[in-house]
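Participant: Residue numbers (UniProt numbering): 1 to 87.
#1: Just to confirm, are residue 13 and residue 64 a CB contact at a threshold of 8 Å?
#2: Closest to residue 7 by C-alpha separation, out of 42, 28, 58 and 60, would be which residue?
#3: How about residue 27 and residue 47: are their beta carbons less than 8 Å apart?
#4: With a threshold of 16 other CB atoms inside 10 Å of the CB of residue 57, please say whether the residue is buried or exposed.
#5: Report the start-end ranges of each beta strand (DSSP E) in the segment 22 to 75 that is 3 residues or longer and not cut off at the edges.
#6: Can you grab the Cα-Cα spacing for the pair residue 59 / residue 68, in whole Å?
#7: Within 10 Å of its beta-carbon, does residue 35 have 16 or more other beta-carbons around it, so buried, or fewer, so exposed?
Right under this line is the structure:
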């Protein structure tokens, strides 16, 4: 989860040999962005108090790099869990 005032920018796009994706969900605004499908909409600046991010990949090598900037300077806490690709 990310706090209000976070900015997301794609540094390295998802690879074509993979199905990896990152979904960023803003429940307050009822919006969702996919790094794979909505790359043209980045950078995203949050306006809600909480955003959620979910990384998925079932095949291929991980290639995506997403930069997250916290603009408000307050203390923040988040955790990321990355599933391993199935063999």
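Ideal Cβ positions, reconstructed from N, Cα and C, are used throughout, including at glycine.
Facilitator: By the coordinates alone:
#1: Residue numbering aside, residue 13 sits at position 13 when the chain shown is read from its first letter. Residue numbering aside, residue 64 sits at position 64 when the chain shown is read from its first letter. It is a contact, given that the beta carbons lie within the stated cut-off.
#2: As a working note, residue 7 is residue 7 in the chain shown. Of 42, 28, 58 and 60, the smallest CA-CA separation from residue 7 is found for 42.
#3: Walking along the chain shown from the start, residue 27 turns up at place 27. Walking along the chain shown from the start, residue 47 turns up at place 47. No. Outside cutoff.
#4: Here residue 57 refers to the residue found at position 57 when the chain shown is read from its first residue. Buried: at least 16 other Cβ atoms inside 10 Å.
#5: 31 to 34, 50 to 56 and 65 to 70
#6: Indexing the chain shown from 1 puts residue 59 at position 59. Indexing the chain shown from 1 puts residue 68 at position 68. Distance between the alpha carbons of residue 59 and residue 68: 25 Å.
#7: Residue numbering aside, residue 35 sits at position 35 when the chain shown is read from its first letter. Result: buried.
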